[in-house]
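Participant:
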Amino acid sequence: LAALAVALLWVLCTGEGARIATGRLGGDFAEFYGAGRIVADGNMPGLYDKDVQREAQRDLMPDSGPGRDNTFVPYAYPPQVALAYGLIARLPYRAAFIVQTAFSAACLLLAAWLLRASSPPSSRQVLAMLAAMVFYYPVLRALLGGQNTPLAILLVAVAFAASWRGRDWLAGLALGLLLYKPQYGLTLLGLQALGGRWRTLLAGLGAGAIIFLADTLLFGPTWPMRWYAYARWVIDT
19 LAALAVALLW VLCTGEGARI ATGRLGGDFA EFYGAGRIVA DGNMPGLYDK DVQREAQRDL
79 MPDSGPGRDN TFVPYAYPPQ VALAYGLIAR LPYRAAFIVQ TAFSAACLLL AAWLLRASSP
139 PSSRQVLAML AAMVFYYPVL RALLGGQNTP LAILLVAVAF AASWRGRDWL AGLALGLLLY
199 KPQYGLTLLG LQALGGRWRT LLAGLGAGAI IFLADTLLFG PTWPMRWYAY ARWVIDT
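So the sequence shown is numbered by the numbering used here: it starts at 19 and just counts up by one.
1. What are the boundary residues of the alpha helix (DSSP H) that includes R217?
2. Can you tell me where the alpha helix (DSSP H) holding I253 begins and where it ends?
3. If you compare alpha carbons, which of P138, Q118 and M147 is closest to A129?
4. Out of M151, L158 and G163, point me to the one whose CA is closest to A265's CA.
5. Which residue comes first and which comes last in the alpha helix (DSSP H) that contains R72?
6. Shortest alpha-carbon distance to W187 belongs to which of I229, Q210, A170 and T167?
7. Mapping DSSP to helix, strand and coil, what is G208?
8. Note down, in chain order, each residue of its chain lying with its Cβ closer than 7 Å to the Cβ of I38, except the 5 sequence neighbours on either side.
9. Give the DSSP-derived three-state secondary structure of R134 in the structure shown.
10. Which of the three DSSP states is assigned to I38 in this structure?
11. What residue ranges within the stretch 150-192 form continuous alpha helix (DSSP H) runs of no fewer than 4 residues, ordered along the chain?
12. Hey, Y66 and Y248 are a contact pair by Cβ (cut 8 Å); roughly how many whole angstroms apart?
13. In whole angstroms, give me the CA-to-CA distance for V117 and M243.
14. According to the Cβ coordinates, are L207 and G222 closer than 8 Å?
15. Does the stretch 161-175 come close enough to the stretch 193-202 that 3 or more CB-CB pairs lie under 8 Å?
The following block contains the structure:
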């Protein structure tokens, strides 16, 4: 873990802006930072416009060049994710990436701490569990690439630990927040229905309804159609 921290520090001390010695800092982070910029500028209707997204990421694509001027990373998440990144999009790109990485590391550490109850021998090995998480290759890629997978891991861990302790409402709240990745949130809420965990299901649907209402107030009543159409374009492309 210490060696990884040193390597990250070295990377952050090389290059400028989004450019580093090996290409682009953060990989997919440009997608979220660009979406945060769009929200921070108040351009809510343009969030799912590919030209608006491309313009928001123009200076974040150091590997673009002749014939690659249209390079950008499509943002196809629900709008509440862009709202969250709007909080750090006013920071310089590198500073925002540091905040993102620190937050992701904290999510993994908290997840490891919560999961220790499921395996008593692990209760004294939280740092070892954290290392196992970090160096599981997909998670390492997500951490270095500025993705939000560590947050999803934390929310699943919260739901599991809360269910373990009989706190069904807290478990449902975590799964409702997980709807920022609908393929996971909807699936796990469906499993609660199949398992007859109605309090968890109702809490999750209630949290999802509140988020949906907030998105509708901020992005307009047509955002689900615009989001779905854009997501389909991303998949087809």
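A virtual CB, placed ideally from N, CA and C, is assigned to each residue, including glycine.
Quantities reported herein were computed from a predicted structural model and do not represent experimental measurements.
Facilitator: According to the data block:
1. Run containing R217: W216 to F237, per the alpha helix (DSSP H) assignment.
2. Run containing I253: W241 to D254, per the alpha helix (DSSP H) assignment.
3. Ranking the options by Cα distance to A129, first place goes to M147.
4. The displayed coordinates of the chain run from 19 to 255. Any statement about residue 265 would go beyond what the structure contains.
5. Following the DSSP letters along the chain, one finds R72 inside the alpha helix (DSSP H) bounded by residues K68 to A74.
6. Shortest Cα-Cα distance from W187 to any of I229, Q210, A170 and T167 involves Q210.
7. G208 sits in a helix when the DSSP states are folded into three classes.
8. Leaving aside the five residues that flank I38 on each side, the residues in its chain whose CB is nearer than 7 Å to its CB run, in chain order, V29 and T32.
9. The DSSP-derived three-state label of R134 is helix.
10. Reduced to three states, the DSSP call for I38 is strand.
11. Taking only runs of at least 4 residues, the alpha helix (DSSP H) segments lying wholly in the stretch 150-192 are 155-162 and 167-182.
12. Confirmed, Cβ separation roughly 4 Å.
13. Between V117 and M243, the alpha-carbon positions lie close to 32 Å from each other.
14. With contacts defined by Cβ atoms closer than 8 Å, L207 and G222 form a contacting pair.
15. Taking a cut-off of 8 Å on C-beta distances, the stretch 193-202 touches the stretch 161-175, as three or more cross pairs fall below it.
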